[in-house]
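With the first letter of the sequence shown counted as 1, position 25 gets the number 503 in our numbering; the numbers rise by one all the way through.
The C-beta atom is built at its ideal place from N, Cα and C for all residues, glycine as well.
Quick caveat: nothing in here was measured; it's all calculated off a predicted structure.
Comments concern the structure below.
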Amino acid sequence: MLLRYGEGMTDSIDRLYDAVLEAKDARPSSSRTARLLRAGRGKIAKKVAEEAVEVVIEAMLDHRDAVVRESADLLYNLAVLWATVDIEPKDVWKEMQRRERLFGIAEKLAKQRSFLKARRKLPSATTERMRKRG
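This is the structure in structure tokens:
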């Protein structure tokens, strides 16, 4: 069964995304989302990474309810990040449909070699921390 845009969970994420876009015009003093948007893409990306790590930690500790809560936080921050890079949820759903047609719903695309080479050139978090200390 192919994933269809606008079905089930996608509706919730679409509404979340729309609320994020509305927050762009809100006062930072009245909206957490407005504050986050004004903090900039770097801060938002950091929040996505933090929430992803929290999901992993709670999963490793077998804290099901905490994984659910942290996953919701992750989706929220991801929607905020999408808004800053002009990605709409439908763009992600289309990519998921494309992958499902090619590989099946549970498969992830292999990374392109050029991406892997570029990624290897990025300093690891540990190396970066060591540089800051030294």
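Here the region 542-562 makes contact with the region 516-531; the two share three or more CB pairs at distances below 8 Å. Rounded to whole angstroms, the Cβ separation of V533 and S549 is 6 Å, and the two are in contact under 8 Å.
A501 is classed as buried because its beta carbon has at least 16 other beta carbons within 10 Å across all chains shown.
Going by beta carbons, A512 and A504 fall inside the 7 Å limit. DSSP places D569 within a helical segment (H, G or I) once states are collapsed to three.
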